[in-house]
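Residue numbers (the numbering used here), protein chains in the order written: chain A, 1 to 313; chain B, 314 to 626; chain C, 627 to 939; chain D, 940 to 1252; chain E, 1253 to 1565; chain F, 1566 to 1878. Cβ atoms here follow ideal geometry from the backbone N, Cα and C, with glycine treated the same way.
Number of protein chains: 6
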Amino acid sequence: MNDTYKVFAGRPVQDLAQEVCRVLGTDVGRAEIFTFSNDNTFVRILDSVRECDVFVLHTSTPPVDQNLMETLIMIDALRRASARRITAVLPYYPYVRSDKKDQPRVPITARLVADLLTTAGADRVVTMDLTAAQIQGFFRIPVDHLTALPILCDYFAAKKLKHPVVVAPDAGSAKWASRYAERLGAPLVLLDKRRLGNSGEVSIANVVGEVQDAEAIVFDDEIDRASSVAEAARVLLDHGAREVYAGCTHGVLSGPAVERIAASPLKEVVVTNTIPIPPAKRIPKITVLSVADLLAQAIRGVHEGASLSPLFR
Amino acid sequence: MNDTYKVFAGRPVQDLAQEVCRVLGTDVGRAEIFTFSNDNTFVRILDSVRECDVFVLHTSTPPVDQNLMETLIMIDALRRASARRITAVLPYYPYVRSDKKDQPRVPITARLVADLLTTAGADRVVTMDLTAAQIQGFFRIPVDHLTALPILCDYFAAKKLKHPVVVAPDAGSAKWASRYAERLGAPLVLLDKRRLGNSGEVSIANVVGEVQDAEAIVFDDEIDRASSVAEAARVLLDHGAREVYAGCTHGVLSGPAVERIAASPLKEVVVTNTIPIPPAKRIPKITVLSVADLLAQAIRGVHEGASLSPLFR
Amino acid sequence: MNDTYKVFAGRPVQDLAQEVCRVLGTDVGRAEIFTFSNDNTFVRILDSVRECDVFVLHTSTPPVDQNLMETLIMIDALRRASARRITAVLPYYPYVRSDKKDQPRVPITARLVADLLTTAGADRVVTMDLTAAQIQGFFRIPVDHLTALPILCDYFAAKKLKHPVVVAPDAGSAKWASRYAERLGAPLVLLDKRRLGNSGEVSIANVVGEVQDAEAIVFDDEIDRASSVAEAARVLLDHGAREVYAGCTHGVLSGPAVERIAASPLKEVVVTNTIPIPPAKRIPKITVLSVADLLAQAIRGVHEGASLSPLFR
Amino acid sequence: MNDTYKVFAGRPVQDLAQEVCRVLGTDVGRAEIFTFSNDNTFVRILDSVRECDVFVLHTSTPPVDQNLMETLIMIDALRRASARRITAVLPYYPYVRSDKKDQPRVPITARLVADLLTTAGADRVVTMDLTAAQIQGFFRIPVDHLTALPILCDYFAAKKLKHPVVVAPDAGSAKWASRYAERLGAPLVLLDKRRLGNSGEVSIANVVGEVQDAEAIVFDDEIDRASSVAEAARVLLDHGAREVYAGCTHGVLSGPAVERIAASPLKEVVVTNTIPIPPAKRIPKITVLSVADLLAQAIRGVHEGASLSPLFR
Amino acid sequence: MNDTYKVFAGRPVQDLAQEVCRVLGTDVGRAEIFTFSNDNTFVRILDSVRECDVFVLHTSTPPVDQNLMETLIMIDALRRASARRITAVLPYYPYVRSDKKDQPRVPITARLVADLLTTAGADRVVTMDLTAAQIQGFFRIPVDHLTALPILCDYFAAKKLKHPVVVAPDAGSAKWASRYAERLGAPLVLLDKRRLGNSGEVSIANVVGEVQDAEAIVFDDEIDRASSVAEAARVLLDHGAREVYAGCTHGVLSGPAVERIAASPLKEVVVTNTIPIPPAKRIPKITVLSVADLLAQAIRGVHEGASLSPLFR
Amino acid sequence: MNDTYKVFAGRPVQDLAQEVCRVLGTDVGRAEIFTFSNDNTFVRILDSVRECDVFVLHTSTPPVDQNLMETLIMIDALRRASARRITAVLPYYPYVRSDKKDQPRVPITARLVADLLTTAGADRVVTMDLTAAQIQGFFRIPVDHLTALPILCDYFAAKKLKHPVVVAPDAGSAKWASRYAERLGAPLVLLDKRRLGNSGEVSIANVVGEVQDAEAIVFDDEIDRASSVAEAARVLLDHGAREVYAGCTHGVLSGPAVERIAASPLKEVVVTNTIPIPPAKRIPKITVLSVADLLAQAIRGVHEGASLSPLFR
């Protein structure tokens, strides 16, 4: 039987794939992927994959749906080309925030995505820092759920801050932030937000905990429009924090995010490259750490059947 | 076509079923359920259910696995007896806490339960106050996720406490508690727990927020062994709280829970009857509110195809 | 049981939906659909659909993948909102041309789309003029396959052309064109294309059949970039045709299509509105016929359980 | 690829597992299995099983449903831990007697169990002496159906009885007993039972065949409450049998079984250890033969892809 | 919604269908079914079935596989034609005897047939007198398992035989025969067959029980080649029986069966029309009872959602 | 793990299997296949196949349904016997022409067959020259779609005809014929058929293209009753063709086909052995080319995980 493996990559993650494959000592699998003028995506796998252990590296980044369909189409092509096993490696999971019905008649798109991946033919999934770890349970197939927590914590620990406190930007992130607080040995602070009247507007009602003279680090799974983190920075400084950092795994940075960060009193925003950060967004305040080494170890472990639990420490 | 519906109930929820059916103006469906001396569960449905819209009321309470299998066996019998549609009504969802892989090589039993219910033949599920709302996404079939939040908040609002604060007993419950805080218009306080060294022991490191002279209400989805809530009461009183209440939907009250509550400085513990509370556990400090009316409305709404969204307000 | 039906429509087909619902004497179902700044699509169904017979009208038009995901997300939301039955009405089927493996390691995306629709929760599909009628067999659920053939033929018959011939623009369209030829009682002509050397370029090698002094009508299922139809017009006129028309169901009209048509010797290009044709593309040479009446009849037939076979005549 | 295999065992079959693994020359896989005070079962697999060929040894014994759920939860944990293949080895199959609808509106729990095992993730099943061999057909996955017939027959053959006759305790066991009769070269006798009036009571109406001066051996698949076998012994002695033995694969021995056997005129009851027989039940009259060697051979055969047919002779 | 039902019938059961529909007061649904010269079966349903409750009456009779495929193809056509529900009514179930793996590497074709029916689109099944009632458990969909026992017993009871005994032709039929014995209030007798040496030949070793001067009725589920029943007649007469009858539900009567019956000392062989008995096989000794009334009641009950349990008494 | 493979063959393809296995240097797997007198097919696999890579060679030939069921039963037996992977090798696909709903309420039997094969347990399929390549999309499992085009073209090229033209016998075959025309470098001609009035009769209305003095080769996927090809020959000769050949992959040759070919002015009819051609049909005018070498290469490639794309050139 064919004992080799191949890593194929979607269009937006070619750089990440190169970095991952360099660690693995292999080449990115060859595939032809393009969009016809009628906006249909076409995929042709150029290397034979019969009986191969295949990894499809992709991520969720705009155009989000095109990238998701590209993932599904690649998987379909690989399955019909008789790959032995197909692992979707999606460091930023598509529609990760649509994970529950919190109002009537809305979808649970993150579950839909799980079903679409399985239907297309994925045999297993590797992903990172899901907003809710329960999303693993949206799958019947095995999921390896990696975390950038050690990468981010090591980075902040190396700063040797005097009085670091870890800040959860809202109640929903408290659990998330508490894991970082525990690892950094820092106190936890919670920003308590409230809806104002019927308008749907939200504002920070309260800083629950003590930030006087502290270096506050706001931790979350992702930074999207950066409004929450920018407002948090202002409120924390108002309450006496010395300086404010932000750290997250997924730098979505959509819409006005980069401008907001630039204009905010945030000292530094640390993200990883689970989503490609184009040069235009790489302003000095934004630090991008790489997860390529982590993904490479996961791919090797999955292929060789070695335990991945060391990666979770 | 048969336009009637029938409600069948497992052994431990016969009282609740009577209460629900009284609201609905119907009788509990007749079924013979017993355990053979070889410990096998036997079910025989006594009423014809051909083409009926059938509801199976059950819940998770010890013996937990026997009750789950009883639910599955009832569904199997109803499906093979040609019921048109089967809705499992499980106010306390089995294995609700096993909802993610937070360490290597553990199961996600809450997802397994979802698959078992679907495999047995459930067409839809009604449940209440899941620890993580994401569990809805463990199902492909529709889930109606009810909440006892209005019932509990109305009860506490009627007390007209002077300075109520809502307390999340740990970071993982912060989101949960914040919904109660918002509805009661009370500030949120968070108990920050930390693991001590390598021993795995956990203790409350910090009261994040202000409780001086307040009436603290610790809200959570369930109270199991009551160690967490009893310790919270002591810490909150130490930090100046005037009195401490606890409220939750699911009164699991396992092991030493009732003794602990009796011995603790808690003023009152308010639960609902999603799990049957036997007389022996109904000590004066424990108040049990009924969800029968809520379940009855949900059943009627599901049967008649009416919107259930008013129930979620 | 709820005996009503509701028609919901995706963003690009709001006009078509209005037209269809006018015929049906009903209103388009209310839904909130928008794209977040992170490019995620959000859907909320505003009308209760419990136990309703629901139709989701959508089509494949750029952004193709976003529109497909929007369809899937709408279906997911409707299924979880307890719709009794969900029919996807997709007059132009997504990825209709990717229907076979004609080279190694390519996907069969049209089959993938069928599986995605079924996975999301579609109970049945209504579509129109599939390139290959075999695509019906990509589904296990029932498919109603409508055709615009009578609409197009009636339009051309009303012109009372003297010597009409029907032209298949290539061998793969011969079967398609022959059905139009038979209905119009006109001879069939075939353009025989050949690949030139190894370059992959294709050119019309031969006009198989007689076009001298005839009014040639080139029929196909869709016109995409219009290169084929424009070249056909030139070759047919070179071979003595008096004038050249083109007719198709699906006016994809991507890339340079409209410019090409304008610049070509084509007298008129007749398409339908299975794909929305924006005003900018509605040049005088392009005639757009409506399929709204046909879709309305199909929806009514499906809902009422009436035979649709009259629609196929 | 990982070419090793591992055997994990549920709590009630630890002894059997030790015995099986001793034959195999391997150790029982390490797993943490316990019950929380809320009666939820927890499983954690301690050895890495990525890409391993895994066997889960369990059986049906009280608490029956807890043991079944433990089996399912172990399988779920192993599947999510990326085991390559999972074989459930269940010498006594759960709910084996609930294999048909013999009255209206009863379940077919043995089929339900088959679906639950498959849903949890079992890839194949090894079991022993099913009441009805048709239960194999409840599975789509391969089933290896072992039998203790040679073990039991060899044991009785070694007694060198003078005039052995094989007795089927009722019509439903006639086929079963006839296989033993044929192997032992002994005549077959049938006890014909009848329901008395409308009371549902059953009594032995007739001994069909000749037992005068014979050593009667009553064979069945299992002995549960032992009422049937004890009554058979009395009737057979009344009809002139010299002595009466009983043999079966599965010693369920529930309720008053052991007392009944002790009090009955049965000379010896021979069972196997497909169900653990605790010391308290091991009275002198009860002989327990081991199936460990048979299970070990089956596991080795399944792992190595060797034919198991020699085991069936 | 469409509240009507339609009964369609395969080619070999047109007569039975006429009889059933006469009882129901309806007409057999119109369908075109024929075999092309390339031996492919073609089906076209001529009546609209959209949203109808449809019954497909067929049975297993030579050419067995063509009739099975015809059933599957009819179901496929009805499903794609949008029937609301499809019930396969198969009085003689295909491959009913292939219900277990009793030797290595054989199929369980009766389970395969269950899966084929479900795959084709059957929503439920009505069948009669399965060799093993466990075959119901081969299906996940509901199965109504009818029996001709009352029809056959009433026929024999009307004969008012003096000393009837019921004979099981082998150990595997003992359970079956015992149900008839109980209903007729007659003693049970068992023919004990043994394999002779290694040749695979089987002969009756023993008549277990008393037949002297009795009217012996050999009951079985089916009579196929009639060798077993003919030999039984001879042995029973040798042992003193006055006369020998045979009764069964399914008159397979393959190969030399009719000749054997004619030549045998059997007084009468009673079968039903679950399988069509052509005139050539209707010799005076063979009596054919009709199950049309029973099937009609079952169809009406299934359609109206009425309890079928009276049919099982 | 077992690294061998085995080829089993159905009854009608024993000769082809011998030829294929000779190329592969292996023996045909041993299996016992026969039909009982009740017309039930029985299969027993005689070689152990545990963990083997198994190929089931069969084809569609009368009795078509028996051969299909034999294929399914063989697959069921192999799956239950624990084969690791099962590939159905079906050079002539069953019901290949029933691939779409071209009139109301007809089945899509070719899709049904795909589902039946998958349900029985096929993991992949190898087939040849499907009428419509879209049938590949009827499967979710991988399909290798081989073609006899090079074999047929090489045969005709070797004739060194002076003015060959390739003729499509009707519009539906134009695409098919055009591939042969392109490979042979010959012009394409199309026979335009029309239905006459309402009678359903079809006749050739027109020869579209030029055949004067040419050697016409009519290419199609199959020749069934030969009426079409025989009529084509007459019409082509009438239009001046010098001589007429016919070539196809599948020699169905049903009903009067061989007589018609003998009586027709066709010079030679070239088919392959995807369907066994019995000696009685092997008249001098009919040439049979072998696909054994092609199938052997495909089987080897599938087993070894080598790219099959060279086979498609």
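Contacts around residue i, its chain only, beta-carbon distance under 6 Å, and the 5 residues preceding and following it disregarded
i: A:Thr272; result: Ala148, Thr249, Leu289, Val291
i: D:Val959; result: Ala1231, Leu1234, Ala1235
i: F:Val1732; result: Val1754, Ala1781, Val1783
i: B:Ile599; result: Val582
i: B:Pro463; result: none
i: D:Thr1048; result: Tyr1034, Ser1037
i: B:Arg398; result: Asp366, Asp436
i: A:Arg183; result: Cys153
Residues near residue i by beta carbon distance below 7 Å, same chain, minus five either side
i: F:Gly1812; result: Leu1717, Phe1721, Ile1782, Phe1784, Val1835
i: F:Lys1846; result: Leu1818, Val1823
Rounded separation between residue i and residue j - CA only
i: F:Thr1624; j: E:Ala1482; result: 40 Å
i: D:Gly964; j: D:Val946; result: 11 Å
i: F:Leu1655; j: F:Leu1681; result: 14 Å
i: C:Pro790; j: C:His865; result: 15 Å
i: E:Asp1351; j: D:Lys1114; result: 15 Å
i: C:Ser853; j: C:Ala867; result: 19 Å
i: C:Lys893; j: C:Met695; result: 38 Å
i: F:Ala1742; j: F:Asp1786; result: 9 Å
i: E:Pro1363; j: A:Leu112; result: The sequence given here has Arg at residue 1363 of chain E, not Pro. Rounded to the nearest angstrom, the two C-alpha atoms are 32 Å apart.
Endpoints, the beta strand (DSSP E) within which residue i is located
i: B:Thr422; result: Unbroken run through B:Thr422 is the alpha helix (DSSP H), 422-433; no beta strand (DSSP E).
i: B:Arg508; result: 501-508
Beta bridge counterpart(s) of residue i as assigned by DSSP
i: E:Pro1416; result: E:Glu1467
i: E:Leu1398; result: E:Met1380
i: E:Cys1500; result: E:Asp1472
i: F:Ser1768; result: F:Arg1759
i: C:Asp679; result: C:Tyr631, C:Arg711
i: D:Arg983; result: D:Glu971
For residue i, the first and last residue of its enclosing alpha helix (DSSP H)
i: F:Glu1584; result: 1579-1589
i: D:Val1003; result: 1003-1019
Residues of the region 47-62 of chain A in Cβ contact with chain F at a cutoff of 8 Å, in chain order, please. Answer in chain order: Ser48, Arg50, Glu51, Cys52.
Chain-ordered residues of the region 1373-1390 of chain E with a beta carbon less than 8 Å from chain D: For chain D, the residues of the region 1373-1390 of chain E that bring a beta carbon within less than 8 Å of one of its beta carbons are Ala1384, Ala1385, Gln1386, Ile1387, Gln1388, Gly1389, Phe1390, in chain order.
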